[in-house]
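Residue numbers (this note's numbering): 6 to 133.
Working notes, structure below.
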């Protein structure tokens, strides 16, 4: 029986007895299986693209969770306002529009927009 070994720059074939050939083939198969088992169990850090999802960040997790909960409460409270008040709150505080800009767009007085926004904020505080 001929056993073939492949190296980087050459291939070598050796002649062995049938008995030794089957032993060598079994040993090669066991070595391959062991390597596969170890490869599945362990993962090289060089092979993994480590990004911020794998490594701990400098971000304060507790603070971010609390902010998220506060935002959820705020959005739930805004949802309880009437549509006009929701629109005013969103335009003034989220979009950053001034009372004058909103009044100009709606053809109303800026002081009326300011008063309506103040009423919406007061009502919003009750819900929070």
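Here a beta-carbon is modelled for each residue, glycine too, at the ideal position from N, C-alpha and C.
The criterion of a C-beta distance shorter than 8 Å is not satisfied by residue 18 and residue 30. Between the C-alpha atoms of residue 109 and residue 115 there is a straight-line separation of about 8 Å. At the C-beta level, residue 86 and residue 125 come within 8 Å of one another. Rounded to the nearest whole angstrom, the CA to CA distance from residue 10 to residue 26 is 13 Å.
The straight-line gap separating the alpha-carbon atoms of residue 133 and residue 99 is approximately 18 Å. Excluding five sequence positions before and after residue 22, the CB atoms of its chain that fall closer than 8 Å to its own CB belong to 6, given in chain order.
Going by beta carbons, residue 107 and residue 89 fall outside the 8 Å limit. DSSP, reduced to helix, strand and coil, places residue 15 outside both helices and strands of the structure shown, so it counts as coil.
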